[in-house]
Amino acid sequence: MSNLTEADLHAYADGQLDDVRRVQVEARLAHDLTAAERVRAWREQNEALRALYNPVLNEPVPQRLLAARPLRGRWPHYALAAGIMGLSFGLGWMSHSYRTDRFVEAAALPRRAAVAYAVYAPEVRHPVEVGADQQDHLVKWLSKRLGNDLKVPVLTQQGFELVGGRLLPGGKGPGAQFMYQDARGQRITLYVSLRDAEPRDTAFRFSQEDKVAVFYWIDGKLGYALSGEMDRASLLAVATVVYRQLNP
Amino acid sequence: MESAEIVAHIPRLRRYARALAGDSHRADDLVQDTLERAMAKFHLWRRGSDLRAWLFTVMHNVFINQLKARRELALDEAVEDALQSAPLSDPLELRDLDAALRQLPAEQREVLLLVGLEQLSYAEVSKVLSIPVGTVMSRLSRGRERLRAVISGAATVTNLKAVK
Numbered sequence: 583m584s585n586l587t588e589a590d591l592h593a594y595a596d597g598q599l600d601d602v603r604r605v606q607v608e609a610r611l612a613h614d615l616t617a618a619e620r621v622r623a624w625r626e627q628n629e630a631l632r633a634l635y636n637p638v639l640n641e642p643v644p645q646r647l648l649a650a651r652p653l654r655g656r657w658p659h660y661a662l663a664a665g666i667m668g669l670s671f672g673l674g675w676m677s678h679s680y681r682t683d684r685f686v687e688a689a690a691l692p693r694r695a696a697v698a699y700a701v702y703a704p705e706v707r708h709p710v711e712v713g714a715d716q717q718d719h720l721v722k723w724l725s726k727r728l729g730n731d732l733k734v735p736v737l738t739q740q741g742f743e744l745v746g747g748r749l750l751p752g753g754k755g756p757g758a759q760f761m762y763q764d765a766r767g768q769r770i771t772l773y774v775s776l777r778d779a780e781p782r783d784t785a786f787r788f789s790q791e792d793k794v795a796v797f798y799w800i801d802g803k804l805g806y807a808l809s810g811e812m813d814r815a816s817l818l819a820v821a822t823v824v825y826r827q828l829n830p
Numbered sequence: 572m573e574s575a576e577i578v579a580h581i582p583r584l585r586r587y588a589r590a591l592a593g594d595s596h597r598a599d600d601l602v603q604d605t606l607e608r609a610m611a612k613f614h615l616w617r618r619g620s621d622l623r624a625w626l627f628t629v630m631h632n633v634f635i636n637q638l639k640a641r642r643e644l645a646l647d648e649a650v651e652d653a654l655q656s657a658p659l660s661d662p663l664e665l666r667d668l669d670a671a672l673r674q675l676p677a678e679q680r681e682v683l684l685l686v687g688l689e690q691l692s693y694a695e696v697s698k699v700l701s702i703p704v705g706t707v708m709s710r711l712s713r714g715r716e717r718l719r720a721v722i723s724g725a726a727t728v729t730n731l732k733a734v735k
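Right under this line is the structure:
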């Protein structure tokens, strides 16, 4: 048998050796009392650690941990999407150094959009104020109210048809919500409102608002938020198309 | 649903955090930060791989950032080794294990706990902490010897070794 290494001793103490090696180490330890004593002490440490901390497993989990939600507004962590978006749009990213007030303001947009989604998307009889059959009127009306020319993305290729839209309160003034629906009745909304303050950057970000996933960004004077009760990847695919159509 | 999968691991994350951070409030802060970050980064977890090991990785990163923020992380392990040879206060009994753990450098404490408490394999620890297996072994070895020394009150042994 080769020499008894320090790593062998640890692996033996931790039960991480295969059977052959374990038997070999055992045989050596019978003649090396110093090594045997160290191994015994390490095992005792392991047992003591478990005895000391295992009771934590049976403690009730604090409510604040059960209520933990994804960190918002830290897009650099969202590396995969960041990569895709970065390449696709060449956007400026929010950095870690962004100040909290900007976060608070930016976070208000997805929150409002998600609430509006949660209120109107389940609506059976009156999901919209003006239906897609009057799309021209809808767009003119909402554009006038928001003081900006609005465009309505076409998402037919993604399987979504326009249902219509409605006027809503925004952060500082009016907001607009366009609703889409796919063949299975799944709905997504594009929420548009005047941005609250003066962020220079256009950022494309994700927020999970309870069950509602929201991709949002600020473009010029307007903030956009695409909301849906679906997984991130599916919504991202649609959000990409929406962004491209609005920024040809 | 992703959060349900993560939530199932909270008790074990809390156990590890308690041992790592000591104080229970600080430990739960660590768990909370870990959960928030893990949920935000959930897409980075490879489905089918060990979620618990991935969560430990996230916790490790959060922990290191917290230490940096508090300037508790010794950037050079050599400095820690120098500290090791300093005589320790009173000898500790086994029941003072928690206090003894506080006397270990954070890097050694992490390895010691992932192996001894969480029973991860050395390869898993290497992945969780993004360090080579050789480094896992050396930190484990130093951590265990130091803990043994602290507990038996024989910390001065390192001094003798250094002289020899």
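Read top to bottom, the protein sequences are chains A and B. Letter by letter, the first sequence follows residues 583 to 830 in the numbering used here. Letter by letter, the second sequence follows residues 572 to 735 in the numbering used here. Note that CB positions come from ideal geometry on N, CA and C, so glycine has one too.
For A:V638, the nearest beta carbon of chain B is closer than 8 Å to its own beta carbon. Look at the segment 719-789 of chain A and you find these whole runs of beta strand (DSSP E), each 3 residues long or longer: 743-751, 756-763, 769-776.
Scanning chain A for C-beta atoms nearer than 7 Å to the C-beta of B:S692 yields Q598, reported in chain order.
Listed along the chain, the chain A residues whose CB falls inside 8 Å of the CB of B:V696 amount to none; the nearest CB is some 10 Å away. Beta-bridge pairing by DSSP links A:S809 to A:T771, A:V796. The Cβ atoms of A:Q739 and B:S692 lie no closer than 8 Å to each other. In this structure, DSSP gives A:E791 an extended state, which the three-state scheme calls strand. A residue is called buried once 16 or more other Cβ atoms fall within 10 Å of its Cβ, and A:P751, having fewer, is exposed. Excluding residues up to 5 positions away in sequence, Q768, I770, A795 lie with their Cβ nearer than 8 Å to the Cβ of A:M812 in the same chain. Under the 10 Å beta carbon count, A:P692 is surrounded by 16 or more other beta carbons and is classified as buried.
Nearest C-alpha to A:L732 among A:Q827, A:Q627, A:R610, A:H708: A:Q827. Counting C-beta atoms within 10 angstroms of its own C-beta, B:S620 has fewer than 16 neighbours from the protein chains shown and is therefore classed as exposed. One alpha carbon belongs to B:A640, the other to B:R710, and they sit about 23 Å apart. Legend: CB atoms of the segment 620-642 of chain B lying less than 8 Å from CB atoms of chain A are not found in any residue. The alpha-carbon of A:A821 is positioned some 32 Å away from that of B:A624. Taking a Cβ-Cβ threshold of 7 Å, none of the residues of chain B is close to A:N585; the smallest such distance is about 15 Å. Assignment of B:G705 by DSSP, reduced to helix, strand and coil, places it in the helix class. Here A:R777 is buried: its Cβ has 16 or more other Cβ atoms, across all protein chains shown, within 10 Å.
Proximity of chain A to B:E607 at the Cβ level (cut-off 8 Å) is accounted for by A650, R651, P652, L653, in chain order. In this structure, DSSP gives A:G802 a state outside helix and strand, which the three-state scheme calls coil. Taking the Cβ atoms as the reference, A:E791 lies roughly 3 Å from A:A696, within the contact range of under 8 Å. In this structure, B:G714 and B:L675 form a Cβ contact; the two beta carbons are roughly 6 Å apart against a cut-off of 8 Å. Annotation for B:S595: R589 place their beta carbon closer than 7 Å to its own, counting only its chain and skipping 5 residues before and after. When only Cα atoms are considered, A:Y594 and A:V643 end up about 35 Å apart. Here the alpha carbon of B:V696 sits roughly 21 Å from the alpha carbon of B:A579.
Contact check for A:V710 against A:M761 passes: the beta carbons are separated by less than 8 Å.
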